[in-house]
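A.B. asks: Provided herewith is a single structure, encoded as structure tokens, for subsequent inquiry.
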Amino acid sequence: MLLCFASWAVSAIANDLDSAQDQFRTGSYTEAEAVASAAVESGIWNERWPRLLIQCQLEQGKYAEALQTYENAIRRYPTSMTLRMLGLEAIRFNNLSERADEERKRFFQILQSSPLRFASRDNLIAAGRYFVEEGEDARQVLEMFYDRVRDSNPDFLEAYIATAELALEKGDYKVAAETLAEAERIDDTDPRTSYLKARAFESSDSKVTIESLQRALERNPNHIPALLMQAELALDRELYEDANASIAAVLKINPSEPDAWALRSVIAHLEGDTEREQEMRRKALSTWNQNPRVDYLIGSNLSQKYRFAEGAAYQRRALEFDPDYHAANFQLAQDLLRLGNDDKGWTLAKSVADDDPYNVVAHNLLTLYDRIKGFSVLESGDIHVRMDPMEADLYGDAVLELLTEARATLCEKYDVQPDAPIMVEIFPEQKDFAIRTFGLPGGDGYLGVCFGRVITANSPASQGERPYNWKSVLWHEFCHVVTLEKTKNRMPRWLSEGISVYEERMRNPAWGESMTPQYREMILSELLTPVSKLSSAFLSPPSALHLQFAYYESSLVIEFLIEKHGIESLKTVLVSLGDGLSIDDALTRSVGSLDRLDVEFATYAREKAEAFAPDADWSREDLPADVTKAELAKWVEDHPTNYWGLRRLAEAWIAGKQDQKALPVLEKIVELGAVTQEREGPLELLADVYQRLGQEKRERETREQVLALSSDALPSYRRLIEIATQHDDWQHVLEYSEATLAIQPLQPFGYEHMAVAAEKLKKPEKEIRPLKALLQMDPIDPAALNFQLARACFQSGQTTSAKRHVLSALEAAPRYRDAHRLLLEIVADSQ
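The sequence shown begins at 2 in my numbering and counts up by one.
Written as structure tokens, this is what we have:
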């Protein structure tokens, strides 16, 4: 009977413990604390009860009580590494820094004296976390502790949680995601797995991030890390009310939570309230006054807002508390690189990579650094361009010319004079661009990024057969340099992007975003974002189309503000932002009520949308689905101006190789005015149909329309060059070839036709650039190219260059008679 009773009692205690742990896991911290406290006071001999009690107390900010619980428990369980790690946290948050140092040393002494081969799985995980905190090699921690536990206990969730946390800390999001997938198979009810999954996908998949975060909060509405992440995401969207709501929910659970107060400090900084910013920081440090994470968190969030100088200052404060705090060291390195302080930035990044070999982002940066050390550096005044040597030879001068023009035009327009060099880095490989920009491969869809005085951009080499216009990209990014300089990097993303897209259109109507049928539909639906909430449209957009629409809408806001209030009013907004005002206050001061601005802009945007192809029928309600071409043609006959029906029918006829039937349908769309810069849109399709039907005159007229709307219509440029060449229209060949090089400067086509056209037009000075470029492209007949280049240089008065190139021609082909004659002419002329 006694044995049965003992067995029943053990089972009852285990059930109570499981129940209390479930309460903790689902956020019922008070209830779990009460059960755990009663068990501890009753003297039940089970280490897991005081551990749970400490966790409950720490979660609620009851740091003094947690320390007392720890002190009582550790006397009973002196070799428990898990208890000691919890105790270390309790000691720190009771502002006992010296004792915390002693506790860390004591922890290591116990590890040395206790053979780890006999340690429990909990203690192995605790020991691993201790060594991670001490900065030990992450791979060894994985091998000696976490992997060891997983091998012997494949279903032990804590090992997967610890592994994922370590991978996230080191920037290895792939390993984190894989580990969490295994963790979910073991137990998909723990909110930590969903929260960590949100972190793992934060930089790559916003949809998974949001879904995972919501799932974590469904499982535990009081999960503090998830609530804090929710606040940070709201901060990114400039939804400060939402961020404050999430922070308030955290502080209701734990009134002393340092991360929550740190985020409030960030909000105060962004709102220009310096006094409140410092007050919030003091509260964040109130329970542990040397906590380096507080300043690291404030600084990293400011850097996320492109406040790199302020972010770097906070990282330095974090390092004053703990010089070995890896996260702050690496964030500081990234801030310095984005501020253009390359020498210190790369040195610090190398130091972090040497100290922490498993830091994936640091490793990526150092690998990239080894590659870009061989880049050419071109300079024009305070503009420094770093790019691949071959690309520098081909179009580096054109890059400098464009950036010099952008500097002169935009700096004068916005009354800005940068007081430090502007660095532009152009990468021939997309992964290198992504690593330099984001720290990790990825970033698909980004053509360029501006950090202030540092611009990173993808070269045409990284963009496939039809790259974007590199001139429009660099103009856009340089505009960011100007506006960020004027506002001291204190501007919302929508305003920054809106001005840049607007200025693209001002430089060239074919650059930047313009109205499309899809944008028209979005404006006239519920998808038009109010100006006061426009930054949120750039974060977690449902699709690439929604993101592009955010760029277009932002530029439309700038167009509206300038048309209604003038450029000086916009510059006043930028000055106010630089002075520390919030965007809401800056706009209110310059243009009036935000509510009125939202209403007036919505009216303006709707008028723009309705003015686009006003005679077209834009309804989709009766458009049939899954019908034959004949049935669709009959429907279009009954709805002759319906854009969506016309487009679908035209594409169906083209897919069926029935160009004669597609032709009138496409001509009707053009007649309605429903044409845009869209790649492979109705206008490009019509030009291709004309080409296949041999209607050259109409094809040429249509392709000219394409060029007027599109900045990257490479196929149309190529075709127009062919047509103009056939008709000996060398002036147009020259113009089209020059425009082609603004899209694709890395292939021979544009240079070859440019050189021929310049020769035919007797413009030798125009021959020199394309011929030099062709010499860089591993030509079949370098002797002929050198001869042509020598002749062009001689005719342009560049005698020294002419002599050098004609000698190169003769070196390759000693019997080249025309080259001998030219050499004699050059020598005679020089004598």
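From the three backbone atoms N, C-alpha and C, an ideal C-beta is built for every residue, glycine too.
Indicate the three-state DSSP secondary structure (helix, strand or coil) for Val267 in the structure shown.
C.D. replies: The answer is helix: DSSP assigns Val267 an H, G or I state.
A.B. asks: Using the C-alpha atoms, what's the distance from Ile299 back to Gly440?
C.D. replies: Whole-angstrom Cα-Cα distance: 20 Å.
A.B. asks: Excluding sequence positions up to five away, which residues of its chain have a Cβ less than 6 Å from the Cβ of Glu280?
C.D. replies: Counting only Cβ-Cβ distances below 6 Å, and skipping sequence neighbours, we find nothing.
A.B. asks: Leaving aside the five residues before and after Tyr817 along the sequence, list all residues of the same chain whose C-beta is less than 7 Å from its C-beta, in chain order.
C.D. replies: Same-chain partners within the cutoff: Ala784, Phe788, Ala810 and Leu811.
A.B. asks: If you count every other CB in all the chains shown that lies within 10 Å of the CB of Lys208, and 16 or more means buried, which is it?
C.D. replies: Classification for Lys208: exposed.
A.B. asks: Where Ala7 and Tyr196 are concerned, what is the direct C-alpha to C-alpha distance, given to the nearest angstrom?
C.D. replies: Its pLDDT being 44, under 50, Ala7 is placed unreliably by the model, and the measurement read from it follows with that caveat. When rounded, the distance between both Cα atoms is 40 Å.
A.B. asks: In the DSSP assignment, the beta strand (DSSP E) including Thr517 goes from what residue to what residue?
C.D. replies: Here Thr517 belongs to no beta strand (DSSP E), and DSSP marks it neither H nor E.
A.B. asks: For Ser217 versus Pro192, is the C-beta distance shorter than 9 Å?
C.D. replies: Correcting the residue identity first, residue 217 is Ala in this sequence and not Ser. A contact, by the Cβ cut-off of 9 Å.
A.B. asks: Let me know the secondary structure DSSP gives Leu687 once reduced to three states.
C.D. replies: Helix at Leu687.
A.B. asks: Could you give the distance in angstroms between the alpha-carbon of Ser304 and the alpha-carbon of Gly375?
C.D. replies: Cα-Cα distance, rounded: 29 Å.
A.B. asks: Could you check what DSSP says for Met492 in three-state terms: helix, strand or coil?
C.D. replies: It is coil, neither helix nor strand.
A.B. asks: By alpha-carbon positions, which one of His733, Leu775 and Leu762 ends up nearest to Glu753?
C.D. replies: Nearest C-alpha to Glu753: Leu775.
A.B. asks: For Asp779, tell me which candidate among Leu747, Pro542 and Thr801 has the shortest Cα-Cα distance.
C.D. replies: Nearest C-alpha to Asp779: Leu747.
A.B. asks: Looking only at its own chain, which residues have a Cβ that is under 8 Å from the Cβ of Asp585, when we skip the five neighbours before and after it?
C.D. replies: Counting only Cβ-Cβ distances below 8 Å, and skipping sequence neighbours, we find Ser533 and Leu595.
A.B. asks: Under 9 Å between the Cβ atoms of Leu650 and Leu673?
C.D. replies: Cβ distance not < 9 Å, so Leu650 and Leu673 don't count as in contact.
A.B. asks: Who are the near neighbours of Arg277 in its chain, counting only those whose CB is closer than 7 Å to its CB and skipping five residues on each side?
C.D. replies: So the list reads Ala269, once near-sequence residues are dropped.
A.B. asks: Helix, strand or coil for Gly657 per DSSP?
C.D. replies: Residue state, collapsed to three classes: coil.
A.B. asks: Is Arg614 helix, strand or coil when you go by DSSP?
C.D. replies: At residue 614 the sequence reads Ala, which differs from the Arg that was named. Reduced to three states, the DSSP call for Ala614 is coil.
A.B. asks: Could you spell out where the beta strand (DSSP E) holding Arg879 opens and where it closes?
C.D. replies: The structure shown does not extend to residue 879, since the chain is modelled only from 2 through 832, so no value can be given for it.
A.B. asks: Among all the DSSP beta bridges, which residues are the ones paired with Phe428?
C.D. replies: DSSP lists Asn459 as partners of Phe428.
A.B. asks: 9 Å is my cut-off, CB to CB: does Arg621 come that close to chain D?
C.D. replies: The question asks about chain D, but that chain is absent: this structure has only one protein chain.
A.B. asks: For Ser257, does the three-state DSSP call read helix, strand or coil?
C.D. replies: Coil, per DSSP.
A.B. asks: Give the DSSP-derived three-state secondary structure of Leu834 in the structure shown.
C.D. replies: As shown, the chain starts at 2 and ends at 832. That puts residue 834 outside it, with no answer to give.
A.B. asks: With a 10 Å radius around its C-beta and 16 neighbouring C-beta atoms as the bar for buried, classify Gln727 as buried or exposed.
C.D. replies: Its Cβ having fewer than 16 others within 10 Å, Gln727 is exposed.
A.B. asks: My output table needs one value for Val676: the three-state DSSP class, helix, strand or coil.
C.D. replies: Three-state DSSP puts Val676 in coil, outside helix and strand.
A.B. asks: Please identify the residue among Gln678, Pro716, Leu349 and Arg387 whose C-alpha is closest to the C-alpha of Trp512.
C.D. replies: Residue Gln678 is the option with its Cα nearest to Trp512.
A.B. asks: Indicate the three-state DSSP secondary structure (helix, strand or coil) for Arg733 in the structure shown.
C.D. replies: Sequence check: residue 733 is His here, not Arg. Three-state result, His733: helix.
A.B. asks: Express the C-alpha separation of Leu340 and Ala350 in angstroms, rounding to a whole number.
C.D. replies: Using only the alpha carbons, I get a separation of about 14 Å.
A.B. asks: When we look at the beta-carbon of Thr180 and count the other beta-carbons within 10 Å, is it buried (16 or more) or exposed?
C.D. replies: Thr180 should be labelled buried.
A.B. asks: Smallest Cα separation from Leu557: which of Ser526, Glu608 and Ser541?
C.D. replies: Out of Ser526, Glu608 and Ser541, Glu608 has the C-alpha closest to the C-alpha of Leu557.
A.B. asks: What do you reckon, are the CB atoms on Leu575 and Thr488 nearer than 9 Å?
C.D. replies: Going by C-beta atoms, Leu575 is nearer than 9 Å to Thr488.
A.B. asks: Are the segment 561 to 574 and the segment 253 to 260 touching by the rule of at least three beta carbon pairs closer than 8 Å?
C.D. replies: No, the segment 561 to 574 is not in contact with the segment 253 to 260.
A.B. asks: Can Asp156 and Ile187 be called in contact, C-beta distance under 9 Å?
C.D. replies: Yes, these two residues count as a Cβ contact at 9 Å.
A.B. asks: Could you tell me the alpha carbon to alpha carbon distance between Glu638 and Pro442, rounded to whole angstroms?
C.D. replies: Answer to the nearest angstrom: the Cα atoms are 50 Å apart.
A.B. asks: Rounded to whole angstroms, what is the Cα-Cα separation between Asn509 and Met516?
C.D. replies: Roughly 15 Å separates the two Cα atoms.
A.B. asks: Residues in the same chain with beta-carbon distance under 6 Å from Ile427, minus the five sequence neighbours each way, listed in chain order, please.
C.D. replies: Excluding sequence neighbours, Ile427 sits near Met388, Ala458 and Ser460.
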